[in-house]
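Chemist:
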Amino acid sequence: SDEGQTWAEVTSLGSSSDSINALAVDNVGNLYAAVTGTASGQGIWRSQNNGTTWTRVKAHPNNTGYYDIAIFQSGTRIVAVGDVTSSAASPVIFSNNQGATWQDVSPRYDKKHIAVATTPDPVLFHLL
């Protein structure tokens with residue numbers, strides 16, 4: 015609200031053992047965080063009040079978490095990529111309704127450095 019002059023610690027998102035890897039904002043101001051770490055902290059989290067409180071909207075199937083997240087310009091489609099620290103391949107997931115429901119994108123990729131980006135077209139880039 016003051017263009018970044020003051021900051022407040024976010025305490026309701028996971029634990030001190032969790033890592034917030036990426037943040038994204040949709041067209042109505044919801045914040046989304048891609049988090050890796052503990053079983054209770056990992057996943058995709060959403061805040062609807064400027065980061066004051068957070069709700070996990072998607073847990074990683076292997077309890078490891080997500081590395082990156084991107085939101086298309088429409089603001090409703092969200093894409094995230096998962097962690098591959100476990101033996102399973104990395105899930106790429108998407109939501110067409112601001113995180114209410116999620117679907118897997120196939121195939122899964124066995125890569126540790128994955129990022130997503132979008133263009134106005136809308137086109138998804140998934141970097142391996």
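If you read the sequence shown in my numbering, its first letter stands for residue 15, the second for the next number, and so on.
Beta carbons: idealized from backbone N, C-alpha and C, even for Gly.
What you are looking at is a predicted structure, and each value in this text was computed from that prediction instead of being measured.
Rounded to a whole number of angstroms, what is the C-alpha to C-alpha distance between Val6 and Ile92?
Modeler: Since the first residue of the chain shown is 15 and the last is 142, residue 6 is not available in this structure.
Chemist: Select from Ala94, Thr20, Ala84 and Asn44 the residue whose C-alpha is nearest the C-alpha of Thr72.
Modeler: Before going further, note that residue 72 is Lys rather than Thr in the sequence given. When each option's Cα is compared against that of Lys72, the closest is Ala94.
Chemist: Which first and last residues belong to the beta strand (DSSP E) in which Asp82 is found?
Modeler: Per DSSP, Asp82 belongs to the beta strand (DSSP E) from Tyr80 to Ile85.
Chemist: Is DSSP giving Ser26 helix, strand or coil here?
Modeler: Here Ser26 sits in coil by DSSP.
Chemist: Taking only the alpha-carbon atoms, compute the straight-line gap between Asn76 and Ala36 and give it to the nearest angstrom.
Modeler: Answer to the nearest angstrom: the Cα atoms are 19 Å apart.
Chemist: Roughly how many whole angstroms lie between the Cα atoms of Ala45 and Gly113?
Modeler: In the sequence as presented, Ala is not what sits at residue 45; that position holds Leu. Cα-Cα distance, rounded: 11 Å.
Chemist: Where do the ends of the beta strand (DSSP E) carrying Val71 lie?
Modeler: From DSSP, the beta strand (DSSP E) with Val71 extends over Thr69 to Lys72.
Chemist: Which residue or residues does DSSP assign as beta-bridge partners of Ser88?
Modeler: None, per the DSSP bridge assignment.
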